[in-house]
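A.B. asks:
Protein chains: 2
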Amino acid sequence: MSAAGFRQFSEEVNAWQPSLLREVFQQHQHQIRVKKEAVAVERLELIFRTALDISNRQGFRAMSVRDLSEATGISMGALYSYIDSKESLLDMILSYGACAAGWAMRVPDSVGSARERLRWILRAHLYLSEVMLPWFFFSYMETRHFSRQFRRQAIGSELWTEHLVADCLRDGNERGEFNVEDPELTAALIKPLLQDWYLKRWKYRQRDIDVERYTSTVLDFVEAYVVRGAVSDASQQHPKEKP
Amino acid sequence: MSAAGFRQFSEEVNAWQPSLLREVFQQHQHQIRVKKEAVAVERLELIFRTALDISNRQGFRAMSVRDLSEATGISMGALYSYIDSKESLLDMILSYGACAAGWAMRVPDSVGSARERLRWILRAHLYLSEVMLPWFFFSYMETRHFSRQFRRQAIGSELWTEHLVADCLRDGNERGEFNVEDPELTAALIKPLLQDWYLKRWKYRQRDIDVERYTSTVLDFVEAYVVRGAVSDASQQHPKEKP
DNA sequence: GTCTATATTCGGATAGAC
DNA sequence: GTCTATCCGAATATAGAC
Numbered sequence: 006m007s008a009a010g011f012r013q014f015s016e017e018v019n020a021w022q023p024s025l026l027r028e029v030f031q032q033h034q035h036q037i038r039v040k041k042e043a044v045a046v047e048r049l050e051l052i053f054r055t056a057l058d059i060s061n062r063q064g065f066r067a068m069s070v071r072d073l074s075e076a077t078g079i080s081m082g083a084l085y086s087y088i089d090s091k092e093s094l095l096d097m098i099l100s101y102g103a104c105a106a107g108w109a110m111r112v113p114d115s116v117g118s119a120r121e122r123l124r125w126i127l128r129a130h131l132y133l134s135e136v137m138l139p140w141f142f143f144s145y146m147e148t149r150h151f152s153r154q155f156r157r158q159a160i161g162s163e164l165w166t167e168h169l170v171a172d173c174l175r176d177g178n179e180r181g182e183f184n185v186e187d188p189e190l191t192a193a194l195i196k197p198l199l200q201d202w203y204l205k206r207w208k209y210r211q212r213d214i215d216v217e218r219y220t221s222t223v224l225d226f227v228e229a230y231v232v233r234g235a236v237s238d239a240s241q242q243h244p245k246e247k248p
Numbered sequence: 006m007s008a009a010g011f012r013q014f015s016e017e018v019n020a021w022q023p024s025l026l027r028e029v030f031q032q033h034q035h036q037i038r039v040k041k042e043a044v045a046v047e048r049l050e051l052i053f054r055t056a057l058d059i060s061n062r063q064g065f066r067a068m069s070v071r072d073l074s075e076a077t078g079i080s081m082g083a084l085y086s087y088i089d090s091k092e093s094l095l096d097m098i099l100s101y102g103a104c105a106a107g108w109a110m111r112v113p114d115s116v117g118s119a120r121e122r123l124r125w126i127l128r129a130h131l132y133l134s135e136v137m138l139p140w141f142f143f144s145y146m147e148t149r150h151f152s153r154q155f156r157r158q159a160i161g162s163e164l165w166t167e168h169l170v171a172d173c174l175r176d177g178n179e180r181g182e183f184n185v186e187d188p189e190l191t192a193a194l195i196k197p198l199l200q201d202w203y204l205k206r207w208k209y210r211q212r213d214i215d216v217e218r219y220t221s222t223v224l225d226f227v228e229a230y231v232v233r234g235a236v237s238d239a240s241q242q243h244p245k246e247k248p
């Protein structure tokens with residue numbers, strides 16, 4: 006998956022959505038009484054989208070299945086033939102997003118410089134969270150209410166991104182591109198900069214800051230710290246963003 | 006309020022707790038049937054502490070008043086003579102924390118350099134959130150479930166800190182201490198670095214990172230960006246932390 | 001596959017004895 | 001001021017007709 010311009014990234018992800026939904030349907034067939042894939046996938050998309058929307062305003066627990074029924078226009082009875090329980094709805098929503106994220110965040114093998122890889126990772130994370138904003142917000146805010154199993158999963162994915170960044174920083178240190186005293190702690194500090202984009206989306210929307218502007222500012226912010234005092238620092242003090 | 010060492014800061018805040026509780030009691034007397042201040046203040050402290058604890062694990066909405074009754078050892082009936090309703094409990098908890106925050110974040114007039122003022126603000130915010138961790142976590146996570154009125158209040162206080170930082174950055178630009186292209190956006194990016202401390206406390210505890218270590222890393226991180234290319238940059242490239 | 005109607009559980013709030 | 005017992009509305013989940 007390339008992370009060049011946001012427009013292109015967004016189109017690539019959206020082109021994948023249908024096959025993601027089919028995968029979720031197949032993985033959860035034992036919880037879904039409806040058998041026709043075409044019908045189910047269409048309904049599931051509506052159910053997930055609506056559930057995320059309501060949950061992100063009121064919280065998942067506060068969303069009654071009745072609310073969901075009314076908002077989707079699907080009756081209580083029918084709804085319960087797509088979901089086994091409210092818990093299994095949560096289950097499906099989570100694996101839906103996790104599938105998408107796992108797929109979109111595959112770092113390409115093209116080595117390149119550590120700096121370029123760092124940019125790729127941060128950019129991909131920000132772009133992905135913009136495309137799947139409701140899911141990212143939901144996942145962050147509801148994690149602590151999950152069952153043990155799901156919570157572990159969510160925390161694991163939080164740490165996974167962090168390790169990806171930390172590895173990149175260590176690599177940059179070795180190559181003389183970066184000069185980072187504590188790569189783990191630095192990676193930990195970079196994470197909330199990525200998360201703020203989907204947690205405070207309302208604020209950035211109000212201020213007319215789009216995802217590309219935010220991304221390039223974060224990259225600047227991070228790079229100022231990580232290249233400070235590095236061997237190849239002088240030549241790249243104020244690098245132009247390469248799209 | 007000084008923000009020198011964390012220990013000292015913490016003691017100063019804790020010395021104020023009793024009078025804060027008394028103030029909350031007096032402000033909410035119309036919702037509290039119990040009249041003796043001494044009794045009420047002691048019980049309220051227990052109620053708030055326990056409510057924050059349960060809410061931060063399960064969410065405020067998921068915490069039943071029965072849960073709270075059992076955890077505090079106060080019967081349902083007695084509990085309802087301290088709170089008018091679950092909503093008014095929320096009300097009291099919020100003003101309790103807001104009082105404390107408003108009091109502890111008064112920036113001292115001693116001008117000093119912009120850099121020193123920036124340090125003071127960030128440090129005070131981090132230290133305060135460490136002392137009142139449960140309240141900060143609660144306030145962040147539950148804001149979106151609040152009623153219109155409380156939500157405005159919470160958002161206002163989010164923006165207030167941000168403006169404080171933005172002003173400081175603009176001032177630093179004028180003095181030639183900083184070189185920040187967009188003070189508002191930069192302040193917006195600094196905020197999540199402060200918030201991560203109380204949102205992911207478990208992670209930092211696991212890694213044995215204490216509040217002073219975290220604070221000095223954040224200060225380094227932020228300063229690398231804001232002083233980059235500033236007039237007085239050269240002389241202060243790698244400043245030692247002054248306690 | 002979808003609907004309406006309902007069984008059952010749970011949580012907020014109160015009454016009234018002590 | 002504190003307790004026990006209870007009311008009542010709301011939410012999950014299901015039964016059974018179409």
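In order, the protein sequences belong to chains A and B. Under our numbering, think of the first position of the first sequence as 6, with each following residue one higher. Under our numbering, think of the first position of the second sequence as 6, with each following residue one higher. Glycine included, each C-beta is placed from N, C-alpha and C at the ideal position. Bear in mind the structure is a predicted one, so any value in this text is a computation, not a measurement.
Could you check the C-alpha separation between A:K247 and A:L224 for me, to the nearest Å?
C.D. replies: Caution is warranted here: a pLDDT of 42 is assigned to A:K247, below 50, making its placement in the model unreliable, and no coordinate value can be reported.
A.B. asks: Taking only beta-carbon atoms, is B:D187 less than 9 Å away from chain A?
C.D. replies: So yes, B:D187 belongs to the interface.
A.B. asks: State whether the stretch 84-99 of chain A contacts the stretch 162-181 of chain B, with contact taken as three or more CB pairs (one from each stretch) at a distance under 8 Å.
C.D. replies: Contact fails: fewer than three Cβ-Cβ distances are below 8 Å.
A.B. asks: Any beta-carbon of chain B closer than 9 Å to the one on A:M110?
C.D. replies: For A:M110, the answer is no, since every Cβ of chain B falls outside 9 Å of its Cβ.
A.B. asks: Hey, out of A:Y101, A:A105, A:E147 and A:L84, whose CA is closest to A:Q63's CA?
C.D. replies: Checking every option, the nearest Cα to that of A:Q63 belongs to A:E147.
A.B. asks: Okay, do the stretch 48-58 of chain A and the stretch 105-118 of chain A touch, 3+ Cβ pairs below 8 Å being the bar?
C.D. replies: No: the two stretches stay apart, fewer than three of their Cβ pairs being nearer than 8 Å.
A.B. asks: Can you confirm whether A:Y132, when its beta carbon is compared against all beta carbons of chain B, has any partner nearer than 9 Å?
C.D. replies: A:Y132 does not count as touching chain B.
A.B. asks: As a quick exercise: from B:W202, B:R12 and B:E50, pick the residue whose alpha carbon is nearest that of B:Y145.
C.D. replies: Answer by Cα proximity: B:W202.
A.B. asks: Taking only the alpha-carbon atoms, compute the straight-line gap between A:Q5 and A:I52 and give it to the nearest angstrom.
C.D. replies: Residue coverage of chain A in this structure runs from 6 to 248, which leaves residue 5 of chain A outside it and unanswerable.
A.B. asks: Where B:D176 and B:A119 are concerned, what is the direct C-alpha to C-alpha distance, given to the nearest angstrom?
C.D. replies: Roughly 6 Å separates the two Cα atoms.
A.B. asks: Quick one: is B:P197 near chain A, going by C-beta distance under 9 Å?
C.D. replies: Chain A contact via Cβ: present.
A.B. asks: Going by DSSP, what residue range makes up the alpha helix (DSSP H) through B:G161?
C.D. replies: Taken as a continuous stretch (DSSP letters only), the alpha helix (DSSP H) holding B:G161 covers R153 to R180.
A.B. asks: Taking Cβ-Cβ distances shorter than 7 Å, what residues in chain B pair up with A:I126?
C.D. replies: Result: empty, since nearest Cβ-Cβ is about 18 Å, beyond 7 Å.
A.B. asks: Contact between the stretch 71-82 of chain A and the stretch 133-143 of chain A is defined here as three or more beta-carbon pairs at a separation below 8 Å; is this criterion met?
C.D. replies: Taking 8 Å as the limit for Cβ pairs, the verdict is that the stretch 133-143 of chain A does not touch the stretch 71-82 of chain A.
A.B. asks: Report, in whole angstroms, the separation of the C-beta atoms of A:Y87 and A:V39, which I expect to be a contact under 8 Å.
C.D. replies: 6 Å between Cβ atoms; contact.
A.B. asks: Look at the Cβ atom of A:Y132, then the Cβ atom of A:F14, and state whether they are nearer than 9 Å.
C.D. replies: Yes, the Cβ-Cβ distance between A:Y132 and A:F14 is below 9 Å.
A.B. asks: Assuming contact is defined by CB atoms lying nearer than 9 Å, are B:V44 and B:R27 in contact in what I supplied?
C.D. replies: Against a cut-off of 9 Å, the Cβ pair of B:R27 and B:V44 comes out as no contact.
A.B. asks: Going straight from the alpha carbon of B:Q22 to that of A:V231, what length do you get?
C.D. replies: Going by the C-alpha atoms only, they are around 41 Å apart.
A.B. asks: Mind reading off the beta-carbon distance from B:E167 to B:K196? Whole number of angstroms is fine, and I expect it under 8 Å.
C.D. replies: Contact flag correct, Cβ pair sits at about 6 Å.
A.B. asks: Residues in the same chain with beta-carbon distance under 6 Å from A:S162, minus the five sequence neighbours each way, listed in chain order, please.
C.D. replies: Result list for A:S162: empty, nothing under 6 Å.
A.B. asks: Could you tell me the distance, in whole angstroms, from the CA atom of B:G117 to the CA atom of A:Q200?
C.D. replies: Using only the alpha carbons, I get a separation of about 33 Å.
A.B. asks: Return the residues of the stretch 76-93 of chain B that lie within a Cβ-Cβ distance of less than 7 Å from chain A, sorted by chain order.
C.D. replies: So the list is empty, because no residue satisfies the distance condition.
A.B. asks: Is there at least one Cβ from chain A nearer than 9 Å to B:Q200's Cβ?
C.D. replies: Yes, its Cβ sits closer than 9 Å to a Cβ of chain A.
A.B. asks: Can you grab the Cα-Cα spacing for the pair A:R206 / A:D213, in whole Å?
C.D. replies: C-alpha separation (whole angstroms): 10 Å.
A.B. asks: Determine which residues of the stretch 26-59 of chain B have a Cβ less than 8 Å from any Cβ of chain A, and write them out in chain order.
C.D. replies: So the list is empty, because no residue satisfies the distance condition.
A.B. asks: Examine chain B for any beta-carbon lying closer than 9 Å to the beta-carbon of A:F226, and answer yes or no.
C.D. replies: Yes, its Cβ sits closer than 9 Å to a Cβ of chain B.
A.B. asks: Could you spell out where the alpha helix (DSSP H) holding B:R212 opens and where it closes?
C.D. replies: Element bounds for B:R212: n/a, residue is neither H nor E.
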